[in-house]
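A.B. asks: Let me begin by handing over the structure; questions about it come next.
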Amino acid sequence: MKILYGMQRPDEGEIRIDGSPVGFHTPADAIAAGIGMVHQHFMLADNLTVLENVVLGSEPRRGLALDFAAARRKIKEISDAYGLGIRPDATVEELGVGDRQRVEILKVLYRGARILILDEPTAVLVPHEVDELFENLRGLVREGLTILFISHKLDEVLRVADAITVIRRGTTVATVNPEDVTSRKLAELMVGSELPSPETRESTVTDVVALSVRDLTVRSGDGRAVVDGVSFDIHKGEVLGIAGVEGNGQAELVEAIMGMRPCTVGTLTLGGADISRWTTLKRRAGGIGYIPEDRHRHGLLLESPLWENRILGHQTRRPNVKGPWIDRAGARADTRRIVEEYDVRTPGIDVDAATLSGGNQQKLIVGREMSGDPVLLIASHPTRGVDIGAQAAIWDHLRTARAAGLAVLLISADLDELIGLSDTLKVILRGRIVADVDPANVTPEQLGSAMTGAGEGE
Amino acid sequence: MTGFLDRLFGRVRLGGWLAVAAPVLAIVFAVLITSVVLLVAGKPPVEAFTTLADYGTQPRTMVLILNSGVMYYISALAVAVGFRMNLFNIGVDGQYRIAALVAAAFGGAALVPGVLNTVLVIVIAMAVGALWAAIAGLLRVTRGVSEVISTIMLNAIATGIGSWLLQEHFGVLTGNDLGTRPIPEGARIPGMPLVAGTPLLVNGLLVLAVVLGVAYYVLLSRTRFGFELRATGKSETAAVASGVSVKKMIVVTMVMSGAVAGLIGLPELLGASYKYSNNFPTGLGFTGIAIALLGRNHPVGMAVGALLWSFLDNSSNQLQLIDISKEIVQIMQGVIVLSVIIAYELVHRYRIVADQRRVGRQLAGSDGPGGGNGGNGDVSGRQAVEETA
Amino acid sequence: MTATDVSVDRPVGTPAAQRFRLSGPVLLLGLAGLVVVLSLARVITGANDITSAGTVSAALGLAVPIGLAGLGGLWSERAGVVNIGLEGMMVLGTWFGAWGALQFHSPWAGVLAGAAGGALGAAIHAVATVTFGVDHIISGVAINIVGVGFTEYLSQLVFTDMPGGGTKNSPQLPKMGTVSLSFLNDPLRTVEAKHWFVVSDFAGVLRGITQDVSWFTILAIVLVPLSFYVLWRTAFGLRLRACGERPLAAESLGVNVYLYKWAAVIVSGVLAGLGGAFLSLVAAGIYRDGQTGGRGYIGLAAMIFGNWRPGGLAGGAALFGYTDALQLRQGGVSVHALLLVVALLLVAVAVYQLVRQRRGGAALITGVVAIVVFMVFAVTDTVPEQFTSFTPHLTTLLVLSLASQRLRMPAADGVPYRRGQAK
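Protein chains in written order, with my numbering: chain X, 1376 to 1833; chain U, 160 to 548; chain G, 886 to 1308.
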C-alpha cells in the first residue's frame, strides 16, 4: 500500500490502472494517476486550517497568491455534494476525530482521486461514526469511485466490501466474495491456520486483593475528567480485563496507576500499602510490572543494547545494581536468562533493541517485567503489532504467571484476547466503568456494543 | 554456539572501528579543504602542515598544548554531561567566566590561609558555575523555557555582570590591566616537569582533568544515576515510564554541568596567571562544545579532541613565519567539526541498517521459515509495528 | 450518542480557542499609548533622550540587523529547521558585504555579496540538517564556529594589504545613500526642543524615522510584510509552513519536503547575511572582526519574542534596538528612566488582568513586580552601563519565562525529517 501510493518503490512487479501500467516514484505521481490515500494516522497539520490542509500541494492560484476564495468555494462544493459538513476556516486542532477523517477524505476528493485507499479507517471511530463513514463510502462508490478498504476488523470488511483479498506476510493468500465467507473462515485465511486460542482453562482467582483502586479521577490539561471515579479490585491470580474503544481513558488509567500522571486523585492500595503518593520508581520497586502500550516510546531504549534495556525500569533492583553501582555482570547474565526463557530471537544481548522484530522486542519486555516477582502486571495491548507466534507465547506467559498468583490488569483492543484471558471484564466508556461483563458468557459482538454505549439505553 | 555468535556478532560491534573511522575521515577531509583554501590563496599546503607538525612536536610546544588542552578538556566534559541527556548547555561559556571571576576575587582576598584557600577557590568556582547553570535548568522545568535560548541569553548577562563586578568591585589596576588581586602563593598549585627538554612546567591541574575524566566515565557508565541520565537522553518517554523523574534529572544535570564548567578557569587561576583579568581566556565554552562533538562525548575521544584542538591553536602562530595567517587553523577546526558530525550521523544510520540486516539474516539462517517466530521475517521491529499496528 | 454527556466543568467565560489578535487600530493605539507613557517618564525623570530623534533614529538602525536576523530565523523555523547558526551567517554577511562593496565599488554590490555570504553558511546548515539529518542545534553551533574562523582568515588575507585596512578590519566602505523628508525636519526639531508633554515626544519619534534613513533600512522594513505575504498568502509559503508543522502530511500530498526546507534555510541565510551586511555597510561603514556582537542570537530572541510571526518579530527587534540605542545615548540615565516605564506598563497590565480577565492572583503578582521595579527606580539614580548591555537578553529571558506557554512554535520545529518514514 505504501508502494501503491508511491512512498516506496517495488522491487519487481507492476501496477496497472485501467489496464495501463504505471510506475510511481513519489506520492505526487500516485495523486496524478488518480490514487488518493487516507492514512490511518491522520496526515493533518494541527496548527493549519482545514482549507490549508486540504489545498496543500495542489493550491488554486491567482497570480502569485494562493486563491483562498476559490479554494473555499471548491471545498464547500465537495463537502455539500457528499454531505461531509466541513468548515474550511476552522483549525484542525479544534476538530474531533470523525471530522478529521472527513477532512482526510475531502483532501483526497479535492484532488480528483478516482481510487481511494483507506488504511484502517475505523480504528479510531465509535460505531455510529463508522456507520456514517460507511454511508459516505457507499455514496462515493455510487459516484463511480473505487475504494480499497484495508482493515483487520473482519465484520466491517464483510459489511462494506464487494470483493475481499486476504494478504498474509506480504503475499496474496486468497481472493473471496463476501457472500461466500464467514468471518471465522476469513480469520483462518488471515493467520494461515486455526486461530490460536487465548482461552484460559480454570480459574486461579484467590480472595487476596493485590491492587485496589478507589475513586480514581484523572484530569487532562484543560480540566476535563478523562478518568472519572474509577474503582475496582484485582485479586492475586486474577486477570482483570478493561474493554473499551481506544481513547476512552484507558491510557490515562494505566499512567495513573503507574504514577506517571499529574492531576490524579483517588486511592491506590497495593498489597495493603497506600501507594497513591508514591513515585513511579517506588511503585515499580513495590512490585508493579508494566508492559506499555507503545513499546517504542515507553518500553525500550531502541538504541541501547538488550542488556541495558533489561535494566530499564528495574534500575533499583538486583541483579541489575549493587547500591548505586550498575552490576553489569548481573544484568547481562539475567538478560541471557530472559532471552533463553522467553525465546527472544536475537544473535546476542549486545545488539541494539531496534534491530529486533516487534514480537521479539515484546517478548523481551514481557520477560523483563515478569522478573523480580511482580505482584501486579499492567499489560497494555500486550500482543499489539506482534506476530502470531509471539502472541501465543505471550499469552502462555501471562497464563502461567496468573496461575502462580500474579494479578494482571489487561487492557486490549483485541476482544478475543480480552474475553479469552480475563477472569473479570469491565467496560470503560468516556473515563467511566460502565459495565461488568462475565467473560465466560459474552460474545465479541455483545462486548463491542457495550463498549460503544449502544447497550446503555436499551 | 551462542557464545561464538556473541563474539562474532554481538560484542564486536560494528560501531567499534566505524566510530574511529568517522573522525579520522573528517580530519582527512578537513586537511583536504584546508589545502584547497591554501592553494587558492597561493600558499603551499604541504609546507604549512609540516611546519605545524614540526613545531607541535617540540617539547616546549607540547607543554603549551597540554596546558591549554587541560582547560579545553574540562570544558568539553561540562558540555558532554548535558549532551548525554540531550541538554544543550550552550551556557558553559558564561558559567565558567562568572565562576572564575568570583572565585578569583575570593582567592585573591586570601580569607583563609594556604591550601584552605585553594579548596575555597575550587568550591566557590563550582558553586557559582552550578548556580548560574541552575537558572537555565529551573526555567526549563518550571516555565518550559528551552535551555538553548536561556543559556545563550545568560552568557550575555554573565558578560555584563562580569565586567561590572570587575570594574566596580573586584578589579585592581596593574599597569594597563584590570584584574582581581592575585591568589597568594600558598594557595597556588605547582606545575609538573613532565616533558623533558624544556624548562616549562605542565599545569598541575592536569591531574584534575584526568580525575574528572575518570569520574565522568564511572558516573555515566557504571552508576545507576548515569544509567538514568543516559536513558533520559535516549528516550525521555521511556525514562519516565521506567520511573525516572525527568524534571529532577534536568536540574541535577544542569547543575553538574555548571559545576564542572566552574572548574574550567582553575588551571589559569591556580596554575598560570593567578588572577581574573581582562586577558582571561574567553570562548572556552564554545571550544568545549566543539570538542565534545568531536569526541562524541566519550572521555577518551574528548581527550584526543582537546589535544588536537590545542595543537592546532598553539602551532598556528608558527604559520606566520611562512606568511600564512594563523586563522587558517580556525577554518580547519570548523571543517573538522562539521564533517565529523555529518560522518557520525552517516555511520550511525549505516550501523542501524547493517545491524538489522545482520540480525535478520542470522535469524533466517538459524530458524528457517515457519519457526513460529518469523512472523515478520527480517523486517525490523520499527517497521513491523508500523505495518501491523 | 447525545450531546448531554459533554462535560460541562469548563469555566464559563474562557472560550477554548481565544487568541489575542492585533488589529491595525489597536496596534496604533498601543503605540500611541506607549509614547504617552514614555513621555510621562521623560517629564518625571528629565531623561530627554528617551524619545529624542537621535535615539529613535539610532534605535531604527540597531533594530534592522536584529530584525533581519529574526526574519531569517522565522523563515527557517517555519519550515521546521532551528537555526542557531544565524550568528555565523551574519558574521559571513559582514565580511562578504564589506568585500563586495570594496571589490565592486558599490554598497549595493556589498548588499548582494553579504546575502550570498549568508546563503553560503545556510547551504552548509542545509546540507547538515536537511540532507544528512544532523541535530539542528549542533550544526548551528558548528556554523557559528566556522563562520568566525572563515571570516577572520579572509579578512587577514584580503584586507591587510588594502590601504586603510588591517588584519582585523577593512578600509572605509563606500557610503550608501539616505532619504529624508527634509520639509519635516525644521518644524519637528523646533517642536521637539520645547520638551512639551507628549507633543514633543511625537515630534522626536517622527523626526527619528523620517530623517537620514538609509535605503538599506527601507529595504529591511519592506522585507517584513513581504515575508508575511510569501509565507502566509502564497502556495509556496503554505507548503513551506506545512513542512514545519507536519512534514509527513506535506510529503503525503506530494510536496518535496527537502526542497522546501532547503529553500527556507537558504532564504534564512540570505536574510541573516543581509543583517550582517547592514552592520558593516551602514551601521559602521567598515568591517571589523567580531562586529556582530551576538546579534544573530538576539534576532533569534526577537523571533521567539514575536511568537514566530513577522509582526511580533518586528516589534521585538524594535524593542531590542531601542534599548540598545538608549544605552548609547546617556546610557545609565535613559535606562534608569526606562525602569519607570516598565513599572507603569506593569501597573497597566495588572489593571487589565484584574478588570478584564478577572485574574486576581496574576494581577497581584504583576502588581508586586511593578512595585519592586518602581522601588529600584526610586532608590537608584542610574543603571550601570554594563547592565544596559544585556537589556535585550534579560528582556527575552523574562518574556520567555512569563509567556512561554502561550507561544506557539511550529509543531515540527527542530524535528529531523527523513523521506519515506510516513506510515
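Positions of the beta carbon are idealized from the N, C-alpha and C atoms, including for glycine.
If you count every other CB in all the chains shown that lies within 10 Å of the CB of tryptophan 1700/X, and 16 or more means buried, which is it?
C.D. replies: So tryptophan 1700/X counts as exposed.
A.B. asks: Does the Cβ-Cβ distance between arginine 1304/G and glutamate 1136/G come in under 8 Å?
C.D. replies: Yes. Within cutoff.
A.B. asks: List the DSSP bridge partners of serine 1324/X.
C.D. replies: Residue 1324/X cannot be examined here, being either before or after the span of chain X that is shown, 1376 to 1833.
A.B. asks: Under DSSP, the beta strand (DSSP E) around valine 1584/X begins and ends at which residues?
C.D. replies: Taken as a continuous stretch (DSSP letters only), the beta strand (DSSP E) holding valine 1584/X covers 1584-1594.
A.B. asks: So, for glycine 392/U: in the same chain, excluding its five sequence neighbours on each side, which residues have a beta-carbon less than 7 Å away from its beta-carbon?
C.D. replies: The answer, listed in chain order, is Arg243, Met244 and Asn245.
A.B. asks: Distance, Cα to Cα, glycine 1823/X vs alanine 1618/X?
C.D. replies: Rounded to the nearest angstrom, the two C-alpha atoms are 9 Å apart.
A.B. asks: Of all the beta strand (DSSP E) runs that stay within the bounds of the segment 1466-1522 of chain X, which reach a length of 3 or more residues?
C.D. replies: The segment 1466-1522 of chain X contains these whole beta strand (DSSP E) runs: 1490-1494.
A.B. asks: Which bits of chain X does arginine 383/U rub up against, with CB to CB less than 9 Å?
C.D. replies: Those are Ile1686, Gln1690, Thr1691, Asn1695, Val1696, Gly1698, Pro1699, Trp1700 and Ile1701, listed as they occur along chain X.
A.B. asks: Where does methionine 1826/X sit, in a helix, a strand or coil, going by DSSP?
C.D. replies: Three-state result, methionine 1826/X: helix.
A.B. asks: Starting from arginine 1391/X, follow its DSSP beta bridges and name the residues at the other end.
C.D. replies: DSSP output for arginine 1391/X lists Pro1396/X as bridge partner(s).
A.B. asks: Hey, how far is the Cα of alanine 1004/G from the Cα of leucine 1156/G?
C.D. replies: So the alpha carbons of these two residues sit roughly 8 Å apart.
A.B. asks: Mind checking the segment 389-414 of chain U against chain X and listing, in chain order, the residues whose C-beta falls within less than 9 Å of any C-beta there?
C.D. replies: So the close ones are Arg389, Ala390, Lys393, Ser394, Thr396, Ala397, Ala398, Val399, Ala400, Ser401, Gly402, Val403 and Ser404.
A.B. asks: Assuming the contact rule is C-beta atoms closer than 8 Å, leucine 1426/X and proline 1463/X should be a hit. Round their C-beta distance to whole Å, please.
C.D. replies: 4 Å between Cβ atoms; contact.
A.B. asks: Give the C-beta separation of asparagine 1054/G and arginine 1173/G to the nearest angstrom, bearing in mind that I take them to be a contact with Cβ-Cβ under 8 Å.
C.D. replies: 5 Å between Cβ atoms; contact.
A.B. asks: Under three-state DSSP, which class holds leucine 1525/X?
C.D. replies: A quick correction: the sequence has isoleucine, not leucine, at residue 1525/X. Strand.
A.B. asks: For threonine 193/U, does the three-state DSSP call read helix, strand or coil?
C.D. replies: Threonine 193/U: helix per DSSP, three-state reduction.
A.B. asks: Anything in chain G within Cβ reach of aspartate 1590/X, meaning under 9 Å, just list it in chain order.
C.D. replies: Ordered by position in chain G, no residue passes the 9 Å Cβ test against aspartate 1590/X, which lies about 16 Å from the chain.
A.B. asks: Compute the distance between the beta-carbons of alanine 944/G and serine 1153/G, then report whether it is under 8 Å.
C.D. replies: Not a contact, by the Cβ cut-off of 8 Å.
A.B. asks: Using CA coordinates, which residue listed in Leu1042/G, Ile1189/G and Thr1280/G is at the minimum distance from asparagine 968/G?
C.D. replies: Taking only the C-alpha atoms, the option nearest asparagine 968/G is Ile1189/G.
A.B. asks: Counting C-beta neighbours from all protein chains within 10 Å, is the total for isoleucine 951/G 16 or more, i.e. buried, or is it exposed?
C.D. replies: Buried, because 16 or more other Cβ atoms sit within 10 Å of the Cβ of isoleucine 951/G.
A.B. asks: Distance check for phenylalanine 1443/X and glycine 534/U, CA to CA, integer angstroms please.
C.D. replies: Confidence at glycine 534/U is low in this model, with a pLDDT of 35, below 50, so its placement is unreliable and the value that follows should be read with caution. If I take the Cα positions, the gap works out to 49 Å.
A.B. asks: Under DSSP, the beta strand (DSSP E) around methionine 1412/X begins and ends at which residues?
C.D. replies: Counting along the chain, the beta strand (DSSP E) containing methionine 1412/X begins and ends at 1410-1413.
A.B. asks: Sorted by chain position, which residues of the same chain lie with C-beta nearer than 7 Å to alanine 549/U's C-beta, five sequence neighbours on each side aside?
C.D. replies: Past the boundaries of the shown model lies residue 549/U; chain U is included only from 160 to 548, so the question cannot be answered.
A.B. asks: Between the alpha carbons of glycine 363/U and proline 426/U, how many angstroms are there, rounded?
C.D. replies: Roughly 8 Å separates the two Cα atoms.
A.B. asks: In whole angstroms, what is the alpha-carbon distance linking proline 1059/G and valine 1109/G?
C.D. replies: Between proline 1059/G and valine 1109/G, the C-alpha separation is close to 26 Å.
A.B. asks: Assuming alanine 1618/X is part of the beta strand (DSSP E), what are its boundary residues?
C.D. replies: That run of the beta strand (DSSP E) goes 1614-1618.
A.B. asks: With 16 other CB atoms within 10 Å as the buried threshold, where does threonine 1581/X fall?
C.D. replies: Exposed is the call here.
A.B. asks: CA-CA distance, phenylalanine 439/U and glycine 338/U?
C.D. replies: Between phenylalanine 439/U and glycine 338/U, the C-alpha separation is close to 9 Å.
A.B. asks: If you scan the segment 1199-1236 of chain G from start to end, which runs of the alpha helix (DSSP H) of 4 or more residues do you find wholly inside it?
C.D. replies: As far as the segment 1199-1236 of chain G is concerned, it has no whole alpha helix (DSSP H) run of at least 4 residues.
A.B. asks: Any beta carbon from chain U within less than 8 Å of leucine 1731/X's own beta carbon?
C.D. replies: It does: the Cβ of leucine 1731/X has a partner Cβ on chain U nearer than 8 Å.
A.B. asks: Select from Gly1178/G, Met1294/G, Asp1046/G and Thr1016/G the residue whose C-alpha is nearest the C-alpha of arginine 1131/G.
C.D. replies: Nearest C-alpha to arginine 1131/G: Met1294/G.
A.B. asks: Determine the chain U residues that contact serine 1526/X at a beta-carbon separation under 8 Å, and present them in chain order.
C.D. replies: Simply none; closest approach about 13 Å.
A.B. asks: Could you give the distance in angstroms between the alpha-carbon of arginine 927/G and the alpha-carbon of valine 1031/G?
C.D. replies: Spanning the two alpha carbons is a distance of roughly 45 Å.
A.B. asks: In its own chain, which residues sit with a C-beta less than 7 Å from the C-beta of glutamine 1041/G, not counting the 5 before and 5 after it?
C.D. replies: Here the set comprises Thr1052.
A.B. asks: Between leucine 913/G and the ligand MN, is the CB less than 7 Å from at least one heavy atom?
C.D. replies: Of ligands this structure carries none, so the ligand MN is not represented either.
A.B. asks: How would you label leucine 480/U, buried or exposed, when you count the other beta carbons within 10 angstroms and need 16 or more for buried?
C.D. replies: So leucine 480/U ends up on the exposed side.
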